[in-house]
Amino acid sequence: MNQEASINFSEDEKDILQEIMNIAFGNATADLAEVVDIYVMLSIPNIQVIGIGELPFYLKDTIKDDGESSIVEQKFWGNFKGSGLLVFPSGSGKDLLAFLDDRADYHHEGTAAATLEKGGLLEIGNILIGACVGKVSELLSTFVTYSPPQVLQGKSSDYNYLIEHFDPLQTAIVMKTIFTFKEKDINGFLLILTNHESIDWLRKALHEFMGTYE
Amino acid sequence: MIFSQMFDMLDVGIVILDSELNVFKWNRWMATHSKLPPEKIVGKSLFEFYPDLNTPWFLRNCKSVFTFGNFAFFSQKLHKYCFPFKAYNTLGSDFEFMQQSCTVGPLRDENNRITYIYITVQDVTEVAAYENKLITMNTRDGLTGIFNRRYLEAKLKEEFDRHIRYNRPLSLIMLDIDHFKKINDTHGHQAGDFILKSLATTIDERIRAVDIVARYGGEEFCVLLPETTSESALALAEFLRMGIEAEIYHFKDKSIKITISQGVSDLSDGVDSAEALLKKADDGLYESKRLGRNKVSMISNKKKVQ
Amino acid sequence: MINTILIVDDSPVARRMLKTCIPKDKGYEIFEAGNGQEGFEKYKELHPDIVFMDLTMPVMDGYQATAKIKEFDKEAIVIVTTADIQPKSIASVMELGAFTLLKKPAKTESIQEAISKVEIKMKKLQEK
C-alpha cells in the first residue's frame, strides 16, 4: 500500500470493505449457481490499494501472461466507477466454451469459430463481472451502468492502455478474486479496479453501510 | 408527458418485459418493424411471438439482469439479430433480416427491486453491410477475387496452431505459373491478367469449401488444405497439374496454354511454425522448377518425393 | 434460558455487525473468536448457549469447527452464517448438525428469529 493511499483509507475502512467484498462475492457465488448451470466458486477477494502508476506492474505480476491468456474487460460507471477484468489462463478459452454448451443455439450458421469463442468469453465475462460488481453495488445501496465488455488484444506485455482513463497520480482499489468452474477444472481471476473518484464516495458508502449496524 | 413521448419517438426499438418475460411495453418502432401493434403482444409471453428467443443463452442473460442488475449485450457480430425483422436494402446489402445490436438492462421499482427489464433494439444493417465490404476489400485479391496474401498468412497461422494442438494433418500447396513473363510479353498484360483470373477460377472449382486458395504474389498461388495428409495434397496437386495442362484459355482471339509448377508441404520433418510450412512448400516449388517445370515436388528430409 | 453467545468470525467487522443484530435488552453475554480453532477452544471453556459460526476462516474453517464442537457436545447449537447460501452448502452444514443457516449480511430480524427458535427448542427440552 502506498503512502497516499493509506492516508485516504483507514485500516478500519479497509476491514469494512473487505467484509463487504466477502459478502458480495459470497452472494454472487450463490446467485451465479442460479443463473448459470455450473457451480462457479469465487474465492475471498484480496483487496489492495495501489497507485495508478503501479497498476501496470501489478497486472504484469498478477497476470503472468505467456501471450495466450484471454482477458475480458468491462467498464462500469455510476457513483461506483471503474473496470472489471476477467483473466482466463492460457488455453482455457476453448474448454470454457463447453460450459456454454448451447452455442448451437446461435441460430446462424457460418459464424466463425473464433467469433463464437470470443462471444463465449464476452458472455461469461459480462455475467461474472456483472455478478460481482452488481452485488457490491447492491450492498452499498447504489447501482451502476455497464459498457459492453470487450476482449482485450493489446500487447500482453503492456497494460498501460488499461489505465488510460485514470489519472496516474491517483490511487486505485484492486479487488482480486479467483474463480473456479468446479466441474470443468477451469480457473482464472477477476479484478475490479476502481479509481480515485470512487474512493471518496466509497468511504462515505462504507460508513453508511456500517451506520445501519450502530 | 414529454418523457412518455420519447418512448415512441426514438429511432430505437424498446421492449419492456416483466419477470415472467411477458411483454409489458412495446414501442412504436417495434410495432412498425414487427407489424405487431402493442395491443396484440402486450400481456403475452414474448416467446409466443418470438419462439426462437426461447433459448438457454437468452434466458440465462435475462436471468442475470434480473439477479445482478447488470446489462446483457447481444452483438450483431455474434447474434446477427434477436428479432427477425425484414431488412431494408441499404448500401446494396444482401441481408435478408435487419442486423441488430440489442441491449438488455434492469428497471427498478421505488424499493430498488428489479421488477422489469428492457431490451433496446438498434438497426445496424448499414454498418454491418459496410463492414462486410471492408472485410472483403481487406481479405480478397482485387484482380482474381480469391483471398489475398494477408488473409492467407493469418489463416495459415490460425490453422497451424489448431492442427498442432489437436495433432491433425495439415498440408499446403504453393504453385507458380511457368514462364508467366512470356505470356505477358507475347499477348500483353491484359492477357496476363486474364490468365491469373482464369487460373484462380480453375483452382477454386477443384478444391473443397474448407480449403483456402489465395494469390500469394504476382503469379504465385497458395492452397491451404486443413485436415489433409501430404498423400492427398500430392494427389490434388497432380490433379491440378493435369487439369491445367489440358486446359485451353481463350482470350479475345488467342488460345493460351499454361502449365504450373508446384511444391507441397505438411507438418512432418520438424515443421514447427507456419513460416516453416510455407518455406517447405516453397522449397518444393523450387525443386519443381529445377526439374524442368510442370511438376509436383515435396522435399522430405532433403529427399524429394515424386 | 439463553445466557451466553459465542461469535466465531475472522472479520472483526462481521463480528461487529452480528453483535449489533443481537438484542441488547436480554443481557446476553457475548464472546468472540477469530477462527475455528479459537472458537472450539472457547466453546470447551465457556459452553455458550449459541454459537454463530462463519464458514470461510483461516486456521480452521467453520465446517471443521462445527464438526468438532458437535463431536464435543452433541447438544451444541451452532448457527452458521455465510454469504454463499446454496443448496449444496446448506446440505453439508446441516449434515454436520448445525441448527440453522443464515445469510450474510446479518439482518436483525433473521438473527432474532433464529434466537427465538433456539429459545423454543430449549424450553421444549426443559419440559421433557
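Chains as they are written, first to last, in my numbering: chain A, 1 to 214; chain B, 1001 to 1306; chain C, 2001 to 2128. For glycine and all other residues, C-beta sits at the position ideal for the given N, C-alpha and C. Bear in mind the structure is a predicted one, so any value in this text is a computation, not a measurement.
Taking the alpha-carbon positions, what's the residue i to residue j distance?
i	j	result
Val1104 (chain B)	Ile173 (chain A)	29 Å
Ala30 (chain A)	Thr1067 (chain B)	11 Å
Val248 (chain A)	Leu1152 (chain B)	Residue 248 (chain A) lies beyond the range of chain A shown here (1 to 214); nothing can be said about it.
Glu208 (chain A)	Met2017 (chain C)	13 Å
Met1030 (chain B)	Thr1120 (chain B)	10 Å
Lys2024 (chain C)	Ile2030 (chain C)	10 Å
Ala28 (chain A)	Gly2034 (chain C)	24 Å
Val2013 (chain C)	Leu1078 (chain B)	45 Å
Phe143 (chain A)	Leu206 (chain A)	15 Å
His1095 (chain B)	Ala1129 (chain B)	Sequence check: residue 1095 (chain B) is Phe here, not His. Approximately 8 Å, taken between the alpha carbons.
Leu1225 (chain B)	Gly1243 (chain B)	19 Å
Ile16 (chain A)	Met1098 (chain B)	50 Å
Ala1087 (chain B)	Glu1126 (chain B)	10 Å
Gln1076 (chain B)	Leu32 (chain A)	26 Å
Phe88 (chain A)	Gly1192 (chain B)	51 Å
Gly2062 (chain C)	Met210 (chain A)	24 Å
Gly26 (chain A)	Asp2054 (chain C)	12 Å
Tyr39 (chain A)	Ala131 (chain A)	14 Å
Ala114 (chain A)	Leu122 (chain A)	12 Å
Met1 (chain A)	Asn1132 (chain B)	Residue placement at Met1 (chain A) cannot be trusted, given a pLDDT of 43 that sits under 50; what the coordinates show is reported in the next sentence. Distance between the alpha carbons of Met1 (chain A) and Asn1132 (chain B): 49 Å.
Phe1007 (chain B)	Ile1016 (chain B)	11 Å
Glu1238 (chain B)	Arg1206 (chain B)	12 Å
Ser1230 (chain B)	Ile1183 (chain B)	31 Å
Lys1289 (chain B)	Arg1165 (chain B)	34 Å
Arg1215 (chain B)	Leu1285 (chain B)	15 Å
Please classify residue i as buried or exposed, where buried requires at least 16 neighbouring CB atoms within 10 angstroms.
i	result
His1189 (chain B)	exposed
Glu1287 (chain B)	buried
Ser1255 (chain B)	exposed
Gln1005 (chain B)	exposed
Ala5 (chain A)	Caution applies to Ala5 (chain A), whose pLDDT of 46 falls short of 50 and renders its modelled position unreliable; the model cannot decide the point.
Thr2082 (chain C)	buried
Ser147 (chain A)	exposed
Gln2126 (chain C)	exposed
Gly1217 (chain B)	exposed
Asn22 (chain A)	buried
Glu1039 (chain B)	exposed
Leu1010 (chain B)	exposed
Gly1069 (chain B)	buried
Thr1186 (chain B)	exposed
Asn1112 (chain B)	exposed
Thr73 (chain A)	The amino acid occupying residue 73 (chain A) in the given sequence is Glu; Thr does not appear at that position. Flag for Glu73 (chain A) reads buried.
Glu1159 (chain B)	buried
Ala1333 (chain B)	Nothing about residue 1333 (chain B) can be reported from this structure: the residues present for chain B run from 1001 to 1306 only.
Lys118 (chain A)	buried
Thr1136 (chain B)	exposed
Have a look at the DSSP bridge pairing and note the partners of residue i.
i	result
Met41 (chain A)	A:Thr180
Glu73 (chain A)	A:Leu85 and A:Gln150
Ser1101 (chain B)	B:Gln1122
Glu1220 (chain B)	B:Asp1176
Val1023 (chain B)	B:Leu1017
Pro2105 (chain C)	In DSSP, Pro2105 (chain C) forms no bridge with anything.
Gly51 (chain A)	A:Thr171
Leu193 (chain A)	A:Ser83 and A:Val174
Thr29 (chain A)	Note: Thr29 (chain A) sits in no beta bridge, so no partner.
Tyr58 (chain A)	None, per the DSSP bridge assignment.
Lys1254 (chain B)	B:Phe1251
Gly1263 (chain B)	B:Met1174 and B:Ser1297
Phe1147 (chain B)	B:Arg1140 and B:Ala1214
Phe1007 (chain B)	Phe1007 (chain B) pairs with nothing; no bridge assigned.
Asn187 (chain A)	A:Thr180
Leu1107 (chain B)	B:Tyr1116
Val2008 (chain C)	C:Ala2033 and C:Met2053
Could you tell me whether any non-hydrogen atom of the ligand NAP is closer than 8 Å to the CB of residue i?
i	result
Phe1058 (chain B)	In the structure shown, the ligand NAP is absent, as is every other ligand, since no ligand is present at all.
Under 7 Å Cβ-Cβ, which residues of chain E neighbour residue i?
i	result
Val36 (chain A)	No chain E appears in this structure, whose protein chains are A, B and C.
Q. Looking at chain A, which residues of the stretch 1059-1081 of chain B have a Cβ within less than 7 Å of any of its Cβ atoms?
A. Arg1060, Lys1063, Ser1064, Thr1067, Phe1068, Gly1069, Asn1070, Phe1071, Ala1072, Phe1073, Lys1077, Leu1078, His1079 and Lys1080
Q) What residue ranges within the stretch 1057-1091 of chain B form continuous alpha helix (DSSP H) runs of no fewer than 4 residues, ordered along the chain? A) 1076-1079
Q: Can you give me, in chain order, the residues of the stretch 2014-2039 of chain C that have a beta carbon less than 8 Å from any beta carbon in chain A?
A: Within the stretch 2014-2039 of chain C, the residues whose Cβ lies closer than 8 Å to some Cβ of chain A are Ala2014, Arg2016, Met2017, Thr2020 and Cys2021, listed in chain order.
Q. Which ranges would you report for the beta strand (DSSP E) in the stretch 2033-2093 of chain C if only whole runs of at least 3 residues count?
A. 2050-2054 and 2078-2082
Q. If contact means a Cβ-Cβ distance below 9 Å, which residues of the stretch 140-152 of chain A contact chain B?
A. Ser141, Phe143, Val144, Thr145, Tyr146, Ser147, Pro148 and Pro149
Q: Taking only beta carbons into account, state which residues of the stretch 2051-2085 of chain C come closer than 8 Å to chain A, listed in chain order.
A: Listed in chain order, the positions of the stretch 2051-2085 of chain C with a beta carbon within less than 8 Å of a beta carbon of chain A are Thr2056, Thr2082, Ala2083, Asp2084 and Ile2085.
**Q.** Near-chain B residues of the stretch 8-36 of chain A - C-beta to any C-beta below 8 Å
**A.** Taking 8 Å as the Cβ-Cβ cut-off against chain B, the residues of the stretch 8-36 of chain A that qualify are Ala28, Asp31, Glu34, Val35 and Val36.
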